[in-house]
Amino acid sequence: MGYFNTLLFLFILVFSSCKYETKKQEALNTFFIEDFQNKVLGVDELASGMKLLPLKLGTDQLIGKIKDVCFIGDTIYLLDEMTASIYSFDMKDGKCIGRICKKGNGPNEYVNPVALSADSGKLYVLDMPTSRIIEFDKSLNPIRDLKFNFPSSDFIAINTGFLLYNLAPNSELNKYVYLNNKGECITSFVPVDKNHSPNNNSFGNLGKPFVKDENDKVFVSESYSNIIYKWEKENFIPIYRIDFGKLNVPLNVNKNRTDLFEESYAFHSNSFVFSEILVPSFFYKSHRYYGFIPKSGDSPKFGIVKDRQYDIPFFPQWQNGNQLIAISRYEAVKNYFEDYKQVKEDSIAECFEPEHPVLVIYNLKSI
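Those letters in the sequence shown? Residues 54 to 420, by my numbering.
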């Protein structure tokens, strides 16, 4: 009899847990993404303004490949993957105001920096091989470094510490890890999905998982997952769900053995979150689409985004408050400069060389 009661108790416990999880999912604010195939949206339909800012380097400086970008006030910080250098630029005129290359194994040095973040006037650099976060002041002077004990490819600084993306989640340490300002592990969130594809994720996330909105609220969205979380009261709360309807990846599809780019499924890449608009980026048949979804419930817009006037590729990779940020090369934006003759007449473009990168800043409309 006691054995039967134990089994009954376990059944009720499991059933209640499943029921709770179902209700938890149903409580999410769900946005349906449908009827988007082959639709094209113009940048002018979505952005109230677009600013191009050439980033001007010294004669002895050259940026190979931009890995990450972040901002402190009117200062832009840029991580060059090829040289492991960190640059700072003035947002007003694009002039380079600082550069460091702290490559090495000593204190406050890095081996392979992979991400930047900023909070409270400080710049933070994530060094993946050494599992460290290095803190710098606004002028790129090193302050301290923090050591942790798991591999991480991305992070975000918050006022109480750091949130990190764990590359090796297990039963003891989940995907997202919360460290305090001393580098101590407080807790972790979101257990690993055994059906999540390491093949799809072999190149990391398809976009930055962490973003801050214009009110400094932190959100996280992982590639291949339809759930968006909000950081609130030292916890990740599932807040939004993206639903592709009949184009969702079926639950019985083994993502470990499926190349989603080759299948007729839509899947999430990453999302930008604003106070009034959600901007998910997603793939369908190897094409990148975007959604512009008002949280008010007004009609959303979906499609491939194109610049019909200057043909500047629309590929924002970062969010800075209420702006979307992209990086382009001169060849891709030269029509813009030639049209407005900025290369010759605008002080912003003075001494600008074609090999220098260009910051593309989009201010979204309230749709």
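The beta carbon of each residue, even a glycine, is placed where N, CA and C say it ideally should be.
> Where are the alpha helix (DSSP H) runs, 4 residues long or more, that stay fully inside the region 361 to 398, in chain order?
Replying inline: 383 to 393 and 395 to 398
>> What would DSSP say about Asn-219, mapped onto helix, strand or coil?
In response: By one-based count along the sequence shown, residue 219 stands at place 166. It is a strand residue.
>> Could you tell me which whole beta strand (DSSP E) segments of length 3 or greater appear in the region 140 to 189?
In response: 149 to 153, 166 to 172, 175 to 180 and 185 to 189
> If you check the beta carbons only, do Ile-86 and Phe-355 fall under 8 angstroms apart?
Replying inline: One-based indexing of the sequence shown puts residue 86 at position 33. One-based indexing of the sequence shown puts residue 355 at position 302. Their beta carbons are under 8 angstroms apart, which means Ile-86 touches Phe-355 by this criterion.
> Using DSSP with H/G/I as helix, E/B as strand and the rest coil, what is Asn-323?
Replying inline: Start at 1 with the first residue of the sequence shown, and residue 323 comes out as number 270. Residue state, collapsed to three classes: strand.
> Among the residues of its own chain, which have a CB less than 6 angstroms from the CB of Ser-250, if the five just before and after it don't count?
Replying inline: Locating residue 250 in the sequence shown gives position 197, where the first residue counts as 1. Low confidence applies to Ser-250: its pLDDT is 44, below 50, so where it sits in the model is not reliable enough to give any reading.
> For the beta strand (DSSP E) that contains Val-122, what are its first and last residues?
Replying inline: Taking the sequence shown and counting its residues from 1, one reaches residue 122 at position 69. Where Val-122 is concerned, the enclosing beta strand (DSSP E) stretches over 119 to 125.
> Assuming Leu-176 contacts Lys-191 under a Cβ cut-off of 8 angstroms, what Cβ separation, rounded to an integer in Å, is found between them?
Replying inline: Working through the sequence shown from its first residue, we reach residue 176 at position 123. Working through the sequence shown from its first residue, we reach residue 191 at position 138. Sure, about 7 angstroms apart at Cβ, within 8 angstroms.
>> Assuming contact is defined by CB atoms lying nearer than 8 angstroms, are Lys-335 and Ser-322 in contact in what I supplied?
In response: As a position in the sequence shown, residue 335 is number 282, starting the count at 1. As a position in the sequence shown, residue 322 is number 269, starting the count at 1. The question names Lys, but residue 335 in the sequence shown is Phe. In contact: Phe-335 and Ser-322 (Cβ atoms closer than 8 angstroms).
>> For a test of the three-state rule: what should DSSP assign to Asn-194, helix, strand or coil?
In response: Counting from one through the sequence shown, the residue named residue 194 turns up at place 141. Here Asn-194 sits in coil by DSSP.
> By DSSP, does Val-264 sit in helix, in strand, or in coil?
Replying inline: Counted from its first residue, the sequence shown places residue 264 at position 211. Three-state result, Val-264: strand.
> Alpha carbon to alpha carbon, how far is Leu-132 from Val-93?
Replying inline: The residue given as residue 132 occupies position 79 in the sequence shown. The residue given as residue 93 occupies position 40 in the sequence shown. Going from the Cα of Leu-132 to the Cα of Val-93 covers about 32 angstroms.
>> Measuring only the C-alpha atoms, how far is Pro-303 from Leu-115?
In response: If you number the sequence shown from 1, residue 303 lands on position 250. If you number the sequence shown from 1, residue 115 lands on position 62. Approximately 46 angstroms between the Cα atoms of the pair.
>> Checking 8 angstroms against the spacing of the C-beta atoms, do Tyr-218 and Pro-262 come in under that value?
In response: For this step, residue 218 is matched to residue 165 along the sequence shown. For this step, residue 262 is matched to residue 209 along the sequence shown. Cβ atoms of Tyr-218 and Pro-262: closer than 8 angstroms.
>> Quick check on the DSSP output: the beta strand (DSSP E) that includes Gly-331 runs from which residue to which?
In response: What you label residue 331 is simply residue 278 of the sequence shown in a count that begins at 1. In the sequence on display, residue 331 carries Leu and not Gly. 330 to 337 is the extent of the beta strand (DSSP E) around Leu-331.
> Going by C-alpha distance, which of Asn-165, Pro-204, Tyr-337 and Pro-353 is nearest Asn-223?
Replying inline: Position 170 of the sequence shown, counted from the start, is the residue given in the question as residue 223. Nearest option by C-alpha distance: Pro-204.
> Looking at Asp-266 and Val-326, is the spacing between their C-beta atoms short of 8 angstroms?
Replying inline: Position 273 of the sequence shown, counting from 1, holds the residue named residue 326. Position 213 of the sequence shown, counting from 1, holds the residue named residue 266. In this structure, Asp-266 lies closer than 8 angstroms to Val-326 by Cβ.
> Does DSSP put Asp-133 in a helix, in a strand, or in coil?
Replying inline: Along the sequence shown, one-based indexing puts residue 133 at 80. Three-state result, Asp-133: strand.
>> Among Lys-283, Leu-412, Gly-298 and Leu-108, whose alpha-carbon lies nearest the alpha-carbon of Trp-371?
In response: Looking up residue 371 in the sequence shown gives position 318. Closest by alpha carbon: Leu-412.
>> Between Cys-149 and chain E, is the shortest Cβ-Cβ distance under 8 angstroms, so that the two count as touching?
In response: Annotation note: the requested chain E is absent from the structure, which comprises a single protein chain.
>> Going by the DSSP bridge assignment, what does Ile-280 pair with across the sheet?
In response: Locating residue 280 in the sequence shown gives position 227, where the first residue counts as 1. Answer is Arg-294, bridged to Ile-280.
> Buried or exposed: where does Gly-344 fall if 16 or more other Cβ atoms within 10 Å of its Cβ makes it buried?
Replying inline: Numbered from its first residue, the sequence shown carries residue 344 at position 291. Buried, by the Cβ-count rule.
>> Quick check on DSSP: helix, strand or coil for Val-96?
In response: Position 43 of the sequence shown holds residue 96. Of the three classes helix, strand and coil, the one that applies to Val-96 here is helix, per DSSP.
> Looking at the unbroken beta strand (DSSP E) that takes in Gly-356, where does it start and where does it end?
Replying inline: As a working mapping, residue 356 is identified with position 303 in the sequence shown. Per DSSP, Gly-356 belongs to the beta strand (DSSP E) from 354 to 359.
> Within 10 angstroms of its Cβ, does Glu-237 collect 16 or more other Cβ (buried), or is it exposed?
Replying inline: Counting from one through the sequence shown, the residue named residue 237 turns up at place 184. Per the 10 Å Cβ criterion, exposed.
> Going by the C-beta, is Asn-288 closer than 7 angstroms to any heavy atom of the ligand MG?
Replying inline: This structure does not include the ligand MG; it has no bound ligands of any sort.
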